DNA sequence: TCGCACACGTTATAGCATAACGCAATTGAT
DNA sequence: ATCAATTGCGTTATGCTATAACGTGTGCGA
Ligand SMILES: [Zn+2]
Ligand SMILES: [Zn+2]
Ligand SMILES: [Zn+2]
Ligand SMILES: [Zn+2]
């Protein structure tokens, strides 16, 4: 999907996420934008909905947080699976794509006649810096 | 992990999940157990915590719900990855294990020195019955 | 000019999860 | 037997996550 001009609120949310070093929850974003006039969760959620739709932000289901896409210019999300490694210590996220995993999962599901539409792959652990 | 005798609350929660045809949220479980004396969310969450620890129940992060393990007797969760296909129409869940995917993901991460600890793999889509 | 789509603001509400307190039963050492 | 530690349980209160529903304004094409 091609990304249209962002609105004011969308830009503010996107900028906050871009500057963050770790995924942020919607309410954390809200707090960071109070000085810019944000007052209510919906202002954040509506912006996030669009950013997700445009594919420039990802939602991490396992931690109810949001992160900017690490590969916004690869047309990878459309034809390959996206996976995330999330450090439980520092919060850093590694976003990666793996067509092998994709095909393998899809084959497993096809044999069961399951029609896949959206995937969530999130690995929690510790990054190189934080490993015990 | 070997599963100890379940307590009364744990059994009640486990039975509700076993009889369900789709994943249940904690609050849905609570409602189903009000006649058995459940009054507060914590009664459900505490039972769920133990059932998760024993490995007889799984949490589906992408839908904030819980489901009984489909392979409680295979010692698969300890050395292989678990994945779920979730039908967005009827809620039915297919739990499957795939060592190929496991190894592939782990190799990707090892090359980045990321130490994986917990994984979430959830594919949403439509099952054979519900496919359009 | 009319109608529509869209972004936005606000208030209220729904849904998910845990903190903190106290009590009772169990276990296992001393 | 007694004490301490652990575990389960019940209750109240609170916090975090997400959406419903209403109204406003703006831009744009029919
Ligand atoms: Zn991405
Ligand atoms: Zn780290
Ligand atoms: Zn299982
Ligand atoms: Zn179905």
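Protein chains in written order, with the working numbering: chain A, 1 to 132; chain B, 1001 to 1132.
Backbone N, C-alpha and C define an ideal beta-carbon position, used for all residues, glycine too.
What you are looking at is a predicted structure, and each value in this text was computed from that prediction instead of being measured.
Rounded C-beta distance between residue i and residue j? I'm assuming under 8 Å.
i, j, result
"residue 41(A)", "residue 26(A)", "6 Å"
"residue 32(A)", "residue 16(A)", "5 Å"
"residue 1105(B)", "residue 101(A)", "6 Å"
"residue 1084(B)", "residue 1074(B)", "Not confirmed; about 15 Å, so no contact."
"residue 131(A)", "residue 1113(B)", "7 Å"
Tell me the residue span of the alpha helix (DSSP H) that contains residue i.
i, result
"residue 1053(B)", "1041–1054"
"residue 85(A)", "Unbroken run through residue 85(A) is the beta strand (DSSP E), 82–87; no alpha helix (DSSP H)."
"residue 1018(B)", "1008–1019"
Across which residues does DSSP place residue i in a beta bridge pair?
i, result
"residue 1120(B)", "122(A)"
"residue 104(A)", "BP columns for residue 104(A) are empty, so no partner."
"residue 1024(B)", "1066(B)"
"residue 1115(B)", "126(A)"
Out of the options, which one is the CA nearest neighbour of residue i?
i, options, result
"residue 98(A)", "1107(B), 1097(B), 1009(B) and 1131(B)", "1107(B)"
"residue 1021(B)", "1068(B), 1044(B), 1064(B) and 1059(B)", "1068(B)"
"residue 193(A)", "116(A), 113(A) and 88(A)", "Since the first residue of chain A shown is 1 and the last is 132, residue 193(A) is not available in this structure."
"residue 1103(B)", "72(A), 123(A) and 86(A)", "123(A)"
"residue 121(A)", "1062(B), 1007(B), 1111(B) and 1054(B)", "1062(B)"
"residue 1115(B)", "30(A), 86(A), 72(A) and 119(A)", "86(A)"
"residue 1008(B)", "1100(B), 1055(B) and 1038(B)", "1038(B)"
"residue 50(A)", "74(A), 77(A), 13(A) and 64(A)", "13(A)"
"residue 1071(B)", "1018(B), 1028(B) and 1043(B)", "1018(B)"
"residue 129(A)", "93(A), 44(A), 83(A) and 23(A)", "93(A)"
"residue 10(A)", "119(A), 47(A), 77(A) and 65(A)", "47(A)"
"residue 1030(B)", "1006(B), 1065(B), 1052(B) and 1053(B)", "1065(B)"
"residue 24(A)", "119(A), 91(A) and 113(A)", "91(A)"
"residue 52(A)", "36(A), 6(A), 28(A) and 34(A)", "6(A)"
"residue 1002(B)", "1043(B), 1035(B), 1034(B) and 1077(B)", "1077(B)"
"residue 45(A)", "28(A), 36(A) and 35(A)", "28(A)"
What span of residues does the beta strand (DSSP E) with residue i cover, start to end?
i, result
"residue 71(A)", "First-last for residue 71(A): undefined, no H or E at that position."
"residue 96(A)", "93–97"
"residue 1060(B)", "1057–1060"
May I ask you to check if the CB of residue i is nearer than 8 Å to at least one heavy atom of ligand 1?
i, result
"residue 61(A)", "no"
"residue 16(A)", "no"
"residue 1101(B)", "no"
"residue 77(A)", "yes"
"residue 1058(B)", "no"
Can you determine whether any heavy atom of ligand 3 sits closer than 8 Å to the C-beta of residue i, and answer yes or no?
i, result
"residue 1070(B)", "yes"
"residue 1095(B)", "yes"
"residue 37(A)", "no"
"residue 55(A)", "no"
"residue 1082(B)", "yes"
Just to confirm, does residue i get its C-beta within under 8 Å of one of the non-hydrogen atoms of ligand 2?
i, result
"residue 65(A)", "no"
"residue 1130(B)", "no"
"residue 1126(B)", "no"
"residue 87(A)", "yes"
Taking 8 Å as the cut-off, is the CB of residue i close to at least one heavy atom of ligand 4?
i, result
"residue 1091(B)", "yes"
For residue i, is the beta carbon positioned less than 8 Å from some heavy atom of ligand 6?
i, result
"residue 61(A)", "Among the ligands modelled here, namely ligand 1, ligand 2, ligand 3 and ligand 4, ligand 6 does not occur."
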